[in-house]
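Down below is the structure, laid out as structure tokens.
There are 2 protein chains.
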Amino acid sequence: MKKRYLLAPGPTPVPEEVLLAMARPIFHHRTDEFRTLFKRITQGLQYVIQTSAAVFTQVSSGSGAMEAAVVNVLSPGDKAIVVDGGYFGARFAEIARAYGAEVVLITIPWGEAVDADAVHQALKENPEAKAVYTTFCETSTGVVHDVKALGEVVRETDALLVIDAISGLGTVELRPDDWGIDIVVAGSQKALMIPPGLAFLSVSDKAWKVIEANKSHRYYFDLLEAKERLKSWDSRFTPALSLVAALDRSLGLIKEEGIENVWARHGMLGRACRAGAQALGLELFARRPADGLTAVCMPEGIDAYEVYKRLLEEYGVTVGTGHTRIRNRVIRLAHLGYAGRFDVILGLAALEMVLKEMGADIERGKGVAAAEEIFAGARDNRDR
Amino acid sequence: MKKRYLLAPGPTPVPEEVLLAMARPIFHHRTDEFRTLFKRITQGLQYVIQTSAAVFTQVSSGSGAMEAAVVNVLSPGDKAIVVDGGYFGARFAEIARAYGAEVVLITIPWGEAVDADAVHQALKENPEAKAVYTTFCETSTGVVHDVKALGEVVRETDALLVIDAISGLGTVELRPDDWGIDIVVAGSQKALMIPPGLAFLSVSDKAWKVIEANKSHRYYFDLLEAKERLKSWDSRFTPALSLVAALDRSLGLIKEEGIENVWARHGMLGRACRAGAQALGLELFARRPADGLTAVCMPEGIDAYEVYKRLLEEYGVTVGTGHTRIRNRVIRLAHLGYAGRFDVILGLAALEMVLKEMGADIERGKGVAAAEEIFAGARDNRDR
């Protein structure tokens, strides 16, 4: 027997009761039974996203919802401003270019957060830009961008603010309606605690005006058609029923905990993981760290990819590797979704063991102790 | 308690052991463990499709794979020939037009199968057509088209033959490599016996040449990128892991039964359902009926939609309604995927009961008896 521990920033562990909800016998989707369910999950998603805007559920990976946020907004030749501060920020630029849009890149060094002034400047220089695209939590670097500050800048213009909240949603405060965020993109396999296969978008009134005027080629990801069908709580295409049943259960868990408490829990886990890493003398990769995952730089002379492999093969612990250019420098510990205090502790303990084996100059137990300190000091330190 | 029976042509019932396979704890997809699984399901799909061509698995409903078969083949302004003999045939035309292609329609009356001569003629008149799109089994009418005959016509030209086999695959003989079929589109929630959420495409060498030369805008459904990733048995985007785990199990069941036996079983079920309906004096809607579902015309004066509702509400039996223009005339009984003799029998018995209630002139038990006759006479009448 080898017990396995999944500490990667997506797919994340799914609560056992949610996994079993998928074993529900298949039912038909053109029924009132399904419509009642679809309405409930749509309202549940509005609660998690904290929006009164319509939320769409589609069968795709998160990238499919990113594509929906591009093809419905941009036509070939349109200009878009894209914040590129990591592997996933760059994806918005890739998609926009694949559809013939002109991309104005705001490139920021990996590990840093975007400055709202840079977006303000880009909008001034490109007043015809249809939208600003950015990640919320950049999963590849562990940075959370200050999307509230970006909203203040973008809402003064005709441009839309589109955020990829795939790994950020449900880990840190997000209030799109108050903050001027027009489209929130989310995925199922992160803090929503269900397996991959569904993706979501919320769409503001300001965004609908752009979408309605946009004549780009689109079919599967067409939000106007989806909007029409959602009026009767119908899914346009056959929905992934088992995942919808799972989502219904996991949204119930989130509602029971309360979204503010979910944010607070992730806040506590993030602080504990960062404190633990720093107590081991390790540097954090993110200047503005997210609460759902922690990107940790490995000590000089230690290959991060080798650390990842040893954690996986010798301890059964799956963490995130560093993407591309930081593959040998960084590992990423997730504490995202169905995560509690002991997920952080086991990640730090495993890291201590592997680093010690590889000859790093660290003191056993010091990371874990620092995390324990944070838990002891948290106002409400239950896992809930 | 009300027992429920799902006799709709998709989503179809999923074997209990396959449902439970989805409760497997989530694992990470950038691992050798996943690659081994992905290789195995890809080879299993090649077996079910009976092709040596590459098969792609994407997270979408079946319509997403139809879109992939359009955007990778056609550029705006390209011409495509589309066989429109029902609700789903028309969808290929919708998608092609949404992407700016010029569509040459071969419209055939609902309930009839396409004539290969009509396709031959259309190709002669439109030699620049990039592809011929057709359904294999048209789910809305219960017709199975003779795609072997179409292949003989299309293979003599530069055009590709693309078939939507979403509800046809695994119910009747299909040999794309021998028959000159270039792209086979399939979905997960029919004879593959898993829940909706995955879709598949096989792509011939002839098709790759067209796809490589095509510069249309595409990203999520880009098959060239998917092909590149499949070389190392990787999924381009986060795959729907639970559904992949389920598919692994259901492909095992299909392999164990043997694809020829799966076809034979559906053949027997189709014959029995048709014999039962006809013994009740009911007309079949399809001139060339499929084996995975039977579209049955209701007697004069009986509203088919009312029959559908009574079956659902009073007997817990979900059948397919007639689409759009045949909604009040036809119901569709599926015997598709995880289906055996008693699914046909219960469908016929329920139909007898409802029709009798509604005052139709039928004799109780006559439909069931006719089905029993077919089962008794089948060379191999086990459900397996």
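Chains as they are written, first to last, in our numbering: chain A, 1 to 384; chain B, 385 to 768. Where a beta carbon is used, it is the ideal one built from N, C-alpha and C, also for glycine.
N- and C-terminal bounds of the beta strand (DSSP E) containing residue i
i	result
Ala679(B)	677-681
Tyr517(B)	515-519
Arg332(A)	330-334
Tyr389(B)	389-391
Gln662(B)	Per DSSP, Gln662(B) belongs to no beta strand (DSSP E); it is in the alpha helix (DSSP H), 643-663.
Phe584(B)	582-587
Phe56(A)	54-59
Beta-carbon proximity list for residue i, same chain, < 7 Å, skipping 5 on both sides
i	result
Arg274(A)	Leu284, Pro289, Thr294
Asn765(B)	Confidence is the limiting factor: at Asn765(B) the pLDDT is only 49, short of 50, which leaves the residue's position unreliable, though a coordinate-based value still follows. So the list reads Met652, Phe759, once near-sequence residues are dropped.
Gly495(B)	Thr525, Val527, Phe669, Ala670, Arg671
Arg384(A)	Here Arg384(A) scores only 43 on pLDDT, less than 50, and its place in the model should not be relied on; the value that follows carries that caveat. Glu257, Asn261, Arg265, listed in sequence order.
Tyr692(B)	Val703, Thr705, Ile715
Gly581(B)	Val443, Ser572, Ala624, Leu627
Ala339(A)	Leu269
Lys255(A)	Gly44, Tyr47
heavy atom of the ligand GTP below 8 Å from residue i C-beta
i	result
Pro299(A)	As presented, the structure is devoid of all ligands, the ligand GTP included, so that no description of it is given.
Cross-chain neighbours of residue i in chain B, by beta carbon under 7 Å
i	result
Pro239(A)	Pro580
Ile41(A)	Residues of chain B passing the Cβ test: none, with the nearest at roughly 15 Å.
Glu67(A)	Tyr603, Tyr604
Gln189(A)	Thr622
Cut-off 6 Å between Cβ atoms - residues of its own chain near residue i, not counting five sequence neighbours on either side
i	result
Ile106(A)	Val83, Ala118, Ala122
Pro76(A)	Gly100
Ala207(A)	Leu160, Asp182, Ile183
Asn712(B)	Asp687, Ala688, Tyr689
Thr541(B)	Leu507
Gly347(A)	Leu7, Leu333
Glu128(A)	Lys79
Thr42(A)	Val55
Val728(B)	Leu653, Ala656, Cys657, His719, Ala755
Pro683(B)	Ala744
Pro610(B)	Going by the sequence as given, residue 610(B) is Ala instead of Pro. The residues are Phe440, Arg620.
Arg218(A)	Val71
Nonlocal neighbours in the same chain, by C-beta distance under 8 Å from residue i, ignoring five residues either side
i	result
Val296(A)	Ala277, Leu282, Glu283, Leu284, Phe285, Val330, Ile331, Arg332, Leu333, Leu351
Leu720(B)	Pro393, Gly394, Thr396, Ser551, Thr555, Lys574, Ala575, His650, Gly676, Leu677
Gly564(B)	Gly535, Glu536, Val538, Arg539, Leu545
Leu421(B)	Val628, Ala629, Asp632
Gly30(A)	Sequence check: residue 30(A) is Arg here, not Gly. Result list for Arg30(A): Asp234, in chain order.
Ser250(A)	Val14, Pro15, Val18, Leu192, Met193, Ile194
Cross-chain neighbours of residue i in chain B, by beta carbon under 8 Å
i	result
His217(A)	Pro460, Ala482, Tyr483, Gly484, His601
Val317(A)	Neighbours of Val317(A) on chain B: none; closest Cβ ~11 Å, over 8 Å.
Start-to-end residues for the alpha helix (DSSP H) that takes in residue i
i	result
Lys750(B)	750-761
Leu739(B)	725-741
Tyr47(A)	32-49
Leu123(A)	116-125
Leu668(B)	No alpha helix (DSSP H) holds Leu668(B); DSSP gives it neither H nor E.
Closest residue to residue i among the options (Cα-Cα distance)
i	options	result
Val103(A)	Glu112(A), Ala90(A), Val114(A)	Ala90(A)
Val516(B)	Ile550(B), Gly470(B), Ala453(B)	Ala453(B)
Met742(B)	Tyr689(B), Ala570(B), Ala500(B)	Tyr689(B)
Ser52(A)	Gly270(A), Ile183(A), Leu74(A), Leu150(A)	Ile183(A)
Pro579(B)	Met193(A), Asp32(A), Pro109(A), Ala21(A)	Ala21(A)
Glu522(B)	His504(B), Pro623(B), Phe476(B), Arg481(B)	Phe476(B)
Phe605(B)	Leu458(B), His504(B), Gly428(B)	Leu458(B)
Tyr47(A)	His28(A), Ser216(A), Leu253(A), Arg236(A)	Leu253(A)
Ala744(B)	Val531(B), Arg620(B), Leu664(B)	Leu664(B)
Asp146(A)	Arg35(A), Asp115(A), Gly86(A)	Asp115(A)
His28(A)	Asn72(A), Ile326(A), Thr238(A)	Thr238(A)
Phe520(B)	Asp562(B), Lys514(B), Arg481(B), Val569(B)	Val569(B)
Ala549(B)	Lys615(B), Ser447(B), Leu614(B), Arg602(B)	Ser447(B)
Thr518(B)	Arg481(B), Ala482(B), Phe472(B)	Phe472(B)
9 Å Cβ cut-off: residues of chain B touching residue i
i	result
Thr12(A)	Ile410
Leu169(A)	Correct list: empty, because the minimum Cβ distance to chain B is about 15 Å.
Beta-carbon proximity of residue i to residue j, cut-off 9 Å
i	j	result
Lys423(B)	Trp617(B)	yes
Val752(B)	Glu698(B)	no
Gly316(A)	Lys2(A)	yes
Ile464(A)	Asn126(A)	Chain A is shown only over 1 to 384; residue 464(A) falls outside these bounds and no answer can be derived.
Leu608(B)	Gln442(B)	no
Glu451(B)	Ile479(B)	yes
Residue i at chain D interface by Cβ criterion, 9 Å
i	result
Arg30(A)	The structure shown has no chain D; the protein chains it does contain are A and B.
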